[in-house]
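Input: a single structure, listed below in structure tokens.
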Amino acid sequence: MRKYPSLLSLALVCCCCSIQAEVFTSIGQMTDLIYTEKELVQSLKEYIKAEESKLDAVKSWANKLDVLTRASTLDPEGYLAHPVNAYKLMKRLNTEWSELESLVLQDPSDGFISNMTVHRQYFPDQEDEKGAAKALMRLQDTYKLDSESFARGKLPGMHHNAILTVDDCYDMGKTAYNEADYYHAVLWMQQALRQMDAEEEHVVSKADVLDYLSYSVYQMGDLPRAIELTRRLVAIDSSHQRAGGNLRYFEKLLSKQLNELNQEGQEPATEEPIQLGTYKRPKDYLPEREIYEALCRGEGVKMTTERRSRLYCRYHDGNRNPRLLLQPMKEEDEWDSPHIVRYLNALSDQEIEKIKELAKPRLARATVRDPITGILTTANYRVSKSAWLEGEDDPVIERVNQRIEDITGLTTQTAELLQKEEPDAFKTLGTGNRVATFLNYMSDVEAGGATVFPDFGAAIYPKKGTAVFWYNLFRSGEGDYRTRHAACPVLVGSKWVSNKWIHERGQEFRRQCGLTEVD
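In the numbering used here, the protein residues as written are 4 to 522.
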């Protein structure tokens with residue numbers, strides 16, 4: 004009989020080790036960039052020190068020669084009458100000025116430029132920057148955070164101060180604008196304008212901010228405000244190449260709309276500042292997005308008092324498994340139906356660190372199935388990375404696999420070997436569908452990062468060293484579609500999880516079948 008190597012799937016999630024438009028998806032990778040930047044700063048300091056040393060030497064030459072030429076030009080003939088002065092003039096012009104020329108031509112930047120060249124290949128590119136901006140916007144949407152909160156660094160659980168300048172907010176807005184995402188363009192351009200009006204330092208001009216903001220507001224259907232903002236732009240820069248034409252167009256369009264409604268006079272722009280909720284976010288093709296985001300915020304969780312009364316904790320010995328008799332697992336109910344349980348102390352800190360060490364070099368961008376084409380592809384709303392580890396990679400992986408078997412009573416020998424990229428991946432494996440999911444949490448998360456189940460309104464939060472388990476199939480073999488789940492973006496911190504997807508094959512005598520769809 005063919006033996007299917009067992010695998011542990013590891014996914015690093017972040018808002019958040021390849022390069023090229025994927026650096027922004029992994030805090031693990033970005034940590035390396037922090038140290039790279041520190042090294043470059045040190046190299047820059049050394050360059051500055053070398054430049055200052057060179058400049059001090061040139062200044063010393065200049066001061067000495069200034070004093071000398073002042074004296075020599077007062078009485079050139081008398082000065083040269085002294086034979087030593089005649090000799091030293093010849094020497095200076097023939098030798099010393101050449102030395103000074105060589106000093107000036109020295110380029111202390113060579114070391115810094117060389118260091119930059121070595122590290123540049125690991126730098127994020129334009130797509131990474133855009134991806135990081137979109138990740139912030141996704142957090143903004145999911146957790147209903149206004150731009151002011153991000154700009155001022157007011158995030159829950161945040162231990163490090165991080166603020167966005169006027170120019171940062173402008174760049175965020177411009178990223179959204181270039182993607183025709185006028186909803187977020189308005190929010191971030193408005194924040195840039197708000198900080199400008201508060202007289203914060205900036206490089207970008209107010210005219211540029213008003214230009215993008217007014218047109219984005221127009222795209223959101225708010226003509227009165229678009230007109231008011233464009234008038235502010237014209238007042239600042241009457242020669243602006245688009246402002247005058249836009250203003251006339253907006254006014255004509257508004258007049259036409261008022262005539263169609265049989266109203267007289269222009270509708271005044273509201274005095275209320277633009278903020279989160281002023282405009283409705285356009286809908287996209289992602290199903291159940293509103294429910295998903297609400298659960299991520301802790302809203303709509305259907306944990307009633309009655310349901311909570313049916314949840315228990317217990318010791319679990321894996322049906323008298325010898326490896327669990329002396330030290331049974333602590334098992335807690337997370338949800339009653341479908342039944343989801345959490346195991347405490349499922350992984351030790353040493354095991355977690357070893358798994359991370361093995362996974363980091365193999366991390367690759369996670370994929371989702373495109374709902375239109377059915378093809379597995381990356382998506383800007385899923386910014387996790389994953390790696391696949393076999394039991395043969397390290398004794399720790401084999402030990403974790405064995406522990407999962409002991410706890411669940413299911414074999415892990417038919418788990419997925421590779422992350423398949425074709426629609427019939429399970430058919431290719433020949434191991435049946437996923438019968439159960441065992442999810443190890445390998446980090447605590449300061450804010451965000453829950454696993455949510457939109458069908459029955461549950462949210463499961465990460466706790467380092469614990470694991471959650473549920474069945475994806477009923478005993479009848481039919482899929483339990485209630486267990487469809489999604490990971491919430493991490494707002495603050497990073498999230499490491501290891502998934503074990505257990506398949507049908509090999510479970511025939513381990514989980515009894517049934518004729519009805521009961522869990």
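Glycine included, C-beta positions come from ideal geometry on N, C-alpha and C.
- What's the C-alpha gap between I22 and I400? Here residue 22 is taken as the residue at index 19 of the sequence shown, counted from 1. Here residue 400 is taken as the residue at index 397 of the sequence shown, counted from 1. Legend: pLDDT at I22 = 29, less than 50; position of this residue unreliable, no value from coordinates given.
- Would a C-beta distance cut-off of 7 Å place L392 and L361 closer than the cut-off? In the sequence shown, residue 392 corresponds to position 389, counting from 1. In the sequence shown, residue 361 corresponds to position 358, counting from 1. Yes. Within cutoff.
- Query: V471 to R345, Cα distance in whole Å?
  - Reply: One-based indexing of the sequence shown puts residue 471 at position 468. One-based indexing of the sequence shown puts residue 345 at position 342. Taking the straight line joining both Cα atoms gives about 4 Å.
- Query: By a C-beta neighbour count over all protein chains shown, 10 Å radius and 16 as the cutoff for buried, is V107 buried or exposed?
  - Reply: Position 104 of the sequence shown, counted from the start, is the residue given in the question as residue 107. So V107 counts as exposed.
- Query: Taking one C-beta from the region 219-234 and one from the region 291-299 each time, how about it: are there three or more such pairs within less than 8 Å?
  - Reply: By the criterion of at least three beta-carbon pairs nearer than 8 Å, the region 219-234 is not in contact with the region 291-299.
- Where E204 and I166 are concerned, what is the direct C-alpha to C-alpha distance, given to the nearest angstrom? Within the sequence shown, numbered from 1, the residue matching residue 204 stands at position 201. Within the sequence shown, numbered from 1, the residue matching residue 166 stands at position 163. The straight-line gap from Cα to Cα measures roughly 13 Å.
- Query: Enumerated in chain order, which unbroken segments of the beta strand (DSSP E) with a length of 3 residues or greater are wholly contained in the region 294-347?
  - Reply: Entirely contained in the region 294-347, the beta strand (DSSP E) runs reaching 3 residues are, in chain order, 316-319, 332-338, 343-347.
- Touch check for the region 142-151 and the region 453-467: three-plus C-beta pairs under 8 Å? Touching, no.
- Taking W191 as the reference, give the member of A201, D170, V206 with the closest Cα. The residue you call residue 191 lines up with position 188 of the sequence shown. Ranked by Cα distance from W191, the first of A201, D170, V206 is D170.
- Task: Excluding the 5 residues preceding and the 5 following D447 in the sequence, name in chain order all residues of the same chain whose CB lies nearer than 6 Å to its CB.
- Result: The count along the sequence shown starts at 1 and reaches residue 447 at position 444. Setting aside the 5 residues that flank it on each side, D447 is surrounded in the same chain by K467, each with a C-beta closer than 6 Å to its C-beta; the list follows chain order.
- Please check the pair K359 and W499, which I expect to be a contact at CB under 8 Å, by giving their CB distance rounded to whole angstroms. On the sequence shown, position 356 is the one that residue 359 refers to. On the sequence shown, position 496 is the one that residue 499 refers to. Rounded, the Cβ-Cβ distance is 6 Å, consistent with contact.
- Do you know how far the Cα of Y185 is from the Cα of K283? The residue labelled residue 283 in the question sits at position 280 within the sequence shown. The residue labelled residue 185 in the question sits at position 182 within the sequence shown. Distance between the alpha carbons of K283 and Y185 is about 11 Å.
- Where does G509 fall in DSSP's three states? As a first step, residue 509 is located in the sequence shown; it is residue number 506 there, counting from the start. It is coil, neither helix nor strand.
- Classify I410 as buried or exposed, calling it buried when 16 or more other Cβ atoms lie within 10 Å of its own Cβ. Position 407 of the sequence shown, counting from 1, holds the residue named residue 410. Burial call: buried.
- Range covered by the alpha helix (DSSP H) that runs through I531: Here the chain comprises residues numbered 4 to 522, so residue 531 is not present and cannot be evaluated.
- Query: How big is the Cα-Cα spacing for A201 and R155?
  - Reply: Here residue 201 is taken as the residue at index 198 of the sequence shown, counted from 1. Here residue 155 is taken as the residue at index 152 of the sequence shown, counted from 1. Rounded to whole angstroms, A201 to R155 spans 13 Å at the Cα level.
- Item | K286 classed as buried or exposed, judged by whether at least 16 other C-beta atoms fall within 10 angstroms | Translated into the one-based positions of the sequence shown, residue 286 becomes position 283. Exposed.
- Would you mind sorting F512 into buried or exposed? The rule is 16 or more other CB atoms within 10 Å of its CB. The residue you call residue 512 lines up with position 509 of the sequence shown. By the neighbour-count rule (16 or more Cβ atoms within 10 Å), F512 is not buried but exposed.
- Item | Rounded straight-line distance, which links the Cα of D35 to that of L442 | As a first step, residue 442 must be located in the sequence shown, where it is residue number 439. As a first step, residue 35 must be located in the sequence shown, where it is residue number 32. Each residue's Cα considered, the two are about 27 Å apart.
- At 4 residues or longer, and completely inside the region 146-188: list those alpha helix (DSSP H) runs for me, N to C. DSSP runs (the alpha helix (DSSP H)) wholly in the region 146-188: 150-154, 169-181.
- Query: If you pair each beta-carbon of the region 217-227 with each one of the region 236-256, do three or more pairs fall below 8 Å?
  - Reply: Below 8 Å, enough C-beta pairs join the region 217-227 and the region 236-256 to call them touching: three or more.
- Cβ neighbours of Q222 in the same chain (closer than 6 Å, five flanking residues each side left out): Numbered from 1 along the sequence shown, position 219 holds the residue referred to as residue 222. For Q222, where only same-chain residues beyond five positions count, the Cβ hits under 6 Å are Y185.
- Task: Give the single residue among L314, K357, I116 whose Cα lies nearest to the Cα of P341.
- Result: As a position in the sequence shown, residue 341 is number 338, starting the count at 1. Nearest option by C-alpha distance: L314.
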